[in-house]
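Below: one structure, written as structure tokens.
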Amino acid sequence: MAWRKDEPYRRLARKRGYRARSAFKLKQLNSRYLLLERGEVVVDLGAAPGGWMQVAREEVGEEGFVLGVDLQPLPPFP
């Protein structure tokens, strides 16, 4: 399957401010398996482009901590 610029989840991710459409997959996984909870510490290895870090930050909240590591520099989150 070829990459499609008009793919619906890509548009939705951009609209909601996510860096990658994979953010929706993590949200789905977390709702089913409760992988991320408030106050947890998360280390994201191979973090670029940062979509999963965004979701992790939402899920762990202010009480938690998210660290992303990648060879590529990641721009700061708003």
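Each residue of the sequence shown is one higher than the one before, starting from -13 at the first, in the working numbering. In this text, a Cβ means the ideal position worked out from N, Cα and C, and glycines have one as well. Just so it is clear, the structure is predicted and the values come from calculations on it, not from any experiment.
Residue burial is scored here from C-beta neighbours: Q40 has at least 16 other C-beta atoms within 10 angstroms and is therefore classed as buried. Rounded to whole angstroms, the Cβ separation of G37 and A9 is 4 angstroms, and the two are in contact under 8 angstroms.
The residues L21, in chain order, have a CB closer than 8 angstroms to that of L15 in the same chain once the five nearest residues on each side in sequence are set aside.
Here D(-8) is exposed: its Cβ has fewer than 16 other Cβ atoms, across all protein chains shown, within 10 Å.
As DSSP reads the structure, F51 sits in a beta bridge with V27. In the same chain as Q58, and ignoring 5 residues on each side of it, the C-beta atoms closer than 6 angstroms to its own belong to A34, in chain order.
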